[in-house]
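Q: Residue 164 in numbering that gives the first Met the number 0 sits at position 165 of the sequence shown, and the numbers go up by one each step. Heads up, the beta-carbon is just placed ideally off N, CA and C, and yes, glycines get one too.
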Amino acid sequence: MNDRYKDMLRSCAICPRKCGADRTAGNKGYCGLDDGIYISSICIHKGEEPPVSGPDGICNVFFSHCNIQCSYCQNFQISDNKTDIEHCRMNLETALGKITEILDKGIPALGFVSPFHQVPQMLEIIDELHRRSYDPVIVYNTNGYDTVETLQMLEGIVDVYLPDLKYSDPVLAKELSDAPDYPQTALNAVKEMYRQKGHELKISSNGCAESGLIVRHLVLPGQASNSIGVLSLIAKEISPEVFMSVMSQYYPPKHLSPDYMNYRVTAEEYRLVTEEMEKLGLYNGWLQEFESHMNYRPDFDKDHPFEDK
Ligand code: SF4
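1. Hey, could you find the ends of the alpha helix (DSSP H) I124 is sitting in?
2. Is H382 near ligand 1, in the sense that its beta carbon is under 7 Å from a heavy atom of that ligand?
3. Is N140 a contact residue of ligand 2, with contact defined as CB to any heavy atom under 7 Å?
4. Quick one: residues in its chain with C-beta nearer than 6 Å to the C-beta of H303, no 5 flanking neighbours on either side, listed in chain order?
5. What number of angstroms, rounded off, separates the C-alpha of R3 from the C-alpha of T184?
6. Give the DSSP-derived three-state secondary structure of F289 in the structure shown.
7. Residues in its own chain within less than 8 Å of D177 by CB, not counting five upstream and five downstream?
8. Compute the minimum distance between the beta carbon of K81 and the heavy atoms of ligand 1, and state whether it is under 7 Å.
9. Taking 8 Å as the cut-off, does the segment 265 to 272 touch the segment 219 to 226 (at least 3 CB pairs, one atom from each stretch)?
10. Work out the CA separation of Y139 and P162 for me, nearest whole Å.
11. Please return the same chain residues whose Cβ sits closer than 7 Å to the Cβ of L150, not counting the five positions on each side in sequence.
12. Would you grab the beta carbon distance between E233 and V241 for me? Rounded to a whole angstrom, and I think it's under 8 Å.
13. Residues near ligand 1, CB to any non-hydrogen atom under 6 Å, in chain order?
14. Thinking C-alpha only, which one of E174, K5, D103 is nearest Y133?
15. Just the C-alpha distance for Q73 and H129, rounded to the nearest angstrom, thanks.
16. Return the CA-CA distance between V272 and G105, expressed in angstroms with no decimal places.
17. State whether the segment 32 to 40 contacts the segment 56 to 63, with contact taken as three or more CB pairs (one from each stretch) at a distance under 8 Å.
18. By the DSSP assignment, the beta strand (DSSP E) with T23 in it spans what residues?
19. Looking at C30: is its Cβ nearer than 8 Å to the Cβ of C65?
20. Check this for me: beta carbons of Y249 and V264, under 8 Å apart or not?
21. Would the segment 142 to 149 count as touching the segment 8 to 15 if we require 3 or more Cβ pairs under 8 Å?
22. What residue does the alpha helix (DSSP H) around L175 start on, and which one ends it?
23. Starting from Y139, trace the alpha helix (DSSP H) in both directions and tell me its first and last residue.
24. Would you kindly report the start and end of the unbroken beta strand (DSSP E) that includes I57?
25. Kindly indicate which residue of I137, K81, L175 has the alpha-carbon position closest to the one of V112.
26. For K201, write down the residues that DSSP places opposite it in a beta bridge.
27. Under a Cβ-count criterion, where at least 16 other Cβ atoms within 10 Å of its own Cβ denotes burial, should P182 be classed as buried or exposed?
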């Protein structure tokens, strides 16, 4: 890793936790990672929004662990910071080999999923791909809990930002994700992404996103007012022209702690949220069909987490 990237990990403040851990000395902060590359899966994924997956899928790199701990995370097998992920430590050459094997099949986009706590490692991978004359569309697929400073470093490197905006309610953000500052922090992050990309989503002739911003929001059971607050923040503080992806795919994973999170989103809750989108003039983007939760349950114990076989 070059000195600039190593320096970022010496007193780590690359995500909003700002732990100050010297990861280069093997110390760990909230995310539980040193300065190694920790990847749980590199695979072709066809389940993103249509222009993100494109007709043939995107090469997704799923980083291990996370800087927030959502009790309902569908990727809990890899995102729980208590999980031992030593077996996920990957050297740069191995990661590059797996990525280029997929890109060589003609897949045009490379998505980094949950990259916020491994940004220097992600940049190292991108630099090396460029050195080897690969220039895929870079997708930054994030929970939205990013710092503006780190995002500013990514200007001109990331082509498509794919952030969540999960909460407008800090109490809910604390209870479900251990991040009470999430609403304001993520709003600031999305504002920075919007500053870089604006609302235009550039799509190639074969239907692949080449540049832009798509904000995702997952509706949670019993939390329609949180969702309506999120939509309002986007429309009023950013722009109603932002591309949105509103999802109903919530499905309670195993080991869930708050009991009420074991329910599903009701049709009435989803209707309230989608009606609010219309009222606010949020017309760009995608609305997931209600009752689509069965299609979105990965298993990271498999080589291909999103396939049934
Ligand atoms: S990336 Fe990890 S160590 Fe660094 S500030 Fe965030 S949680 Fe802390």
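A: Here's the rundown:
1. Residues 118 to 130.
2. The question about residue 382 has no answer here: the residues shown for the chain are numbered 0 through 308.
3. Here the bound small molecules are ligand 1; ligand 2 is not part of this structure.
4. Taken in chain order, the residues that qualify are C42.
5. Between R3 and T184, the C-alpha separation is close to 25 Å.
6. In this structure, F289 counts as coil in the three-state DSSP scheme.
7. Excluding residues within five positions, the ones whose Cβ falls inside 8 Å are I67, Q68.
8. Incorrect: K81 has no Cβ contact closer than 7 Å to ligand 1.
9. Yes, the segment 219 to 226 touches the segment 265 to 272.
10. Cα to Cα, the separation comes out at about 8 Å.
11. Closer than 7 Å at the Cβ level, and outside the excluded window around L150, lie A188, E191, M192.
12. Going by the sequence as given, residue 233 is Ile instead of Glu. For a cut-off of 8 Å, the C-beta gap from I233 to V241 is around 6 Å, short enough to register as a contact.
13. Those residues, listed in chain order, are C11, A12, I13, C14, R16, K17, C18, A20, G28, Y29, C30, N66, H116.
14. The residue with the shortest Cα to Cα distance from Y133 is D103.
15. A direct Cα-to-Cα measurement between Q73 and H129 gives close to 32 Å.
16. Near 38 Å, if we compare the C-alpha coordinates of G105 and V272.
17. A contact between stretches requires three or more CB pairs, one per stretch, nearer than 8 Å, and the segment 32 to 40 meets this requirement with the segment 56 to 63.
18. It is not in any beta strand (DSSP E) - T23 carries neither H nor E in the DSSP assignment.
19. Yes, these two residues count as a Cβ contact at 8 Å.
20. Against a cut-off of 8 Å, the Cβ pair of V264 and Y249 comes out as a contact.
21. With contact defined as three or more Cβ pairs closer than 8 Å, the segment 142 to 149 and the segment 8 to 15 are in contact.
22. Residue range 169 to 176 is occupied by the alpha helix (DSSP H) that includes L175.
23. Bounds of any alpha helix (DSSP H) do not take in Y139; it lies within the beta strand (DSSP E) bounded by 136 to 141.
24. Note, I57: beta strand (DSSP E), 57 to 62.
25. Shortest Cα-Cα distance from V112 to any of I137, K81, L175 involves I137.
26. Bridge partners of K201: S210.
27. By the 10 Å Cβ count, P182 comes out buried.
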